[in-house]
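**Q**
In the UniProt record's numbering, the protein residues as written are 1 to 335.
(1) Please tell me whether residue 184 and residue 269 are closer than 8 Å, where the distance is taken between their beta carbons.
(2) Which whole-angstrom value describes the C-beta separation of residue 314 and residue 6, a residue pair presumed to lie in contact below a C-beta threshold of 8 Å?
(3) Hey, could you find the ends of the alpha helix (DSSP H) residue 17 is sitting in?
(4) Among 199, 214, 61, which one has its Cα closest to the Cα of residue 129?
(5) Apart from the five residues on each side of it in sequence, which residues of its chain come closer than 6 Å, Cβ to Cβ, to residue 341?
(6) Under three-state DSSP, which class holds residue 124?
(7) What are the residues that DSSP puts in a beta bridge with residue 117?
(8) Have a look at residue 205 and residue 114 and give me their C-alpha separation to the nearest angstrom.
(9) By the 10 Å Cβ neighbour count, where 16 or more other Cβ atoms means buried, how is residue 229 classified, buried or exposed?
(10) With DSSP run on the structure shown, which of helix, strand or coil describes residue 315?
(11) Is it the case that the Cβ atoms of residue 311 and residue 15 are separated by a distance below 8 Å?
(12) Classify residue 180 as helix, strand or coil using the three-state DSSP reduction.
(13) On the criterion of 16 or more Cβ atoms from any shown chain inside 10 Å, does residue 317 qualify as buried, or is it exposed?
(14) In chain order, what residues of the same chain lie with their CB nearer than 7 Å to the CB of residue 20, ignoring the 5 residues before and after it?
(15) Leaving aside the five residues before and after residue 45 along the sequence, list all residues of the same chain whose C-beta is less than 8 Å from its C-beta, in chain order.
(16) In the DSSP assignment, the alpha helix (DSSP H) including residue 222 goes from what residue to what residue?
(17) Taking 8 Å as the cut-off, decide whether the C-beta atoms of residue 131 and residue 188 are in contact.
(18) My output table needs one value for residue 140: the three-state DSSP class, helix, strand or coil.
(19) Out of 306, 264, 65, which has the shortest C-alpha to C-alpha gap to residue 287?
(20) Rounded to the nearest angstrom, what separates residue 153 and residue 284 at their Cα positions?
(21) Cutting at 8 Å between CB atoms, please list the residues of its own chain near residue 29, excluding the five before and the five after it.
(22) Could you tell me the alpha carbon to alpha carbon distance between residue 328 and residue 319, rounded to whole angstroms?
(23) Return the residue from the list 120, 298, 303, 70 that minimises the CA-CA distance to residue 291.
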């Protein structure tokens, strides 16, 4: 089941993003509970926020009532959480508990059952399930950025770099490309509990895009360049094209290590938008069977080919969360 694979990928493997298990283990209570300027969620608030919506998802998957949670929905937006939720480290433990509940409920459902409508909503059960991977990744990116602001490197993650590939039934393979296309659209366009990527970046000026909140943190320009790099990497592999002329991967990572001659902000931003359209067009044209092609020379995280697609969706969501958090910080600074 690819949804379980994605949940495992963001929890303990570091092939595309910093895993949540590592991010949760990186804070002292003082660091996590420290209040930040108004409108900017603290570490504890972000983790409580993801745990809250994790409990909502687990209950939906298990067919349990949400009556006692619905009154708190308005308090759990934009990375914030109901004030009744726990402080650190109980907040981290509650997140782990709710993640386990999602996985346990998911394991009880067949592929057919995941296509059932959620009562009172306009989506099926598959979206609360896969939404946990995308939504938690988005906020995981924010946790990573806040940790970078401390000036320390994140602890090492698991030596294993990729979750085991999912076993997908032959009957489901024919619909799998449409699922990936819908997942890509929902996570990019903001219809799955995230901010829409292009709207987030539309009005960012060059000065804001190149503002560095601290020496150890990426600028918006660097993050967007990095996102476009990996979208192009995936697009080329899906087309069967070489990536040999692309900058080395490590050149697309990290402040102070950008390739010489990086384009200006407007070109970097439009480059991401153009590259995303190319990725979607390439995936649309791909034959369903090609998504399950195994390439021996590729890292485990990138094969079969569908893992490139699910991986870059996770990757974009992770960095989108960082871009939104940087915007919140910029608004606080009055820039």
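Glycine included, C-beta positions come from ideal geometry on N, C-alpha and C.
The structure presented is a predicted model; accordingly, all values stated were derived computationally and were not measured.
**A** Based on what the coordinates show:
(1) Taking the chain shown and counting its residues from 1, one reaches residue 184 at position 184. Taking the chain shown and counting its residues from 1, one reaches residue 269 at position 269. Result no, Cβ atoms of residue 184 and residue 269 do not sit closer than 8 Å.
(2) As a first step, residue 314 must be located in the chain shown, where it is residue number 314. As a first step, residue 6 must be located in the chain shown, where it is residue number 6. That pair is a contact at about 7 Å.
(3) Position 17 of the chain shown, counted from the start, is the residue given in the question as residue 17. Run containing residue 17: none; DSSP gives neither H nor E here.
(4) Within the chain shown, the letter at position 129 stands for residue 129. Measuring from the Cα of residue 129, the nearest candidate turns out to be 61.
(5) The question about residue 341 has no answer, for the chain in this structure spans 1 to 335.
(6) Here residue 124 corresponds to residue number 124 of the chain shown, with the count starting at 1. Reduced to three states, the DSSP call for residue 124 is strand.
(7) In the chain shown, counting from the first residue as 1, residue 117 sits at position 117. Bridge partners of residue 117: 124.
(8) Translated into positions along the chain shown, residue 205 becomes position 205. Translated into positions along the chain shown, residue 114 becomes position 114. Using only the alpha carbons, I get a separation of about 43 Å.
(9) Counting from 1 along the chain shown, the entry for residue 229 is found at position 229. So residue 229 ends up on the buried side.
(10) Position 315 of the chain shown, counted from the first residue, corresponds to residue 315. It is helical.
(11) Within the chain shown, residue 311 is the residue found at index 311, counting from 1. Within the chain shown, residue 15 is the residue found at index 15, counting from 1. Contact flag set, yes.
(12) Locating residue 180 in the chain shown gives position 180, where the first residue counts as 1. Correct three-state label for residue 180: helix.
(13) For this step, residue 317 is matched to residue 317 along the chain shown. By the 10 Å Cβ count, residue 317 comes out buried.
(14) Reading the chain shown from its first residue, position 20 is the one you call residue 20. Result list for residue 20: 10, 11, 136, 140, in chain order.
(15) By 1-based counting over the chain shown, the position of residue 45 is 45. Counting only Cβ-Cβ distances below 8 Å, and skipping sequence neighbours, we find 79, 80, 81.
(16) If you number the chain shown from 1, residue 222 lands on position 222. It spans 220–239 - the alpha helix (DSSP H) in which residue 222 sits, taken as one unbroken run.
(17) Here residue 131 refers to the residue found at position 131 of the chain shown. Here residue 188 refers to the residue found at position 188 of the chain shown. No.
(18) Against the chain shown, residue 140 aligns to sequence position 140. Reduced to three states, the DSSP call for residue 140 is helix.
(19) As a working mapping, residue 287 is identified with position 287 in the chain shown. Considering only alpha carbons, the answer is 306.
(20) Start at 1 with the first residue of the chain shown, and residue 153 comes out as number 153. Start at 1 with the first residue of the chain shown, and residue 284 comes out as number 284. So the alpha carbons of these two residues sit roughly 39 Å apart.
(21) Reading the chain shown from its first residue, position 29 is the one you call residue 29. Within the same chain, residue 29 has close Cβ partners 87, 88, 89.
(22) Stepping through the chain shown from its first residue, residue 328 is reached at position 328. Stepping through the chain shown from its first residue, residue 319 is reached at position 319. Approximately 14 Å between the Cα atoms of the pair.
(23) Position 291 of the chain shown, counted from the start, is the residue given in the question as residue 291. Nearest option by C-alpha distance: 303.
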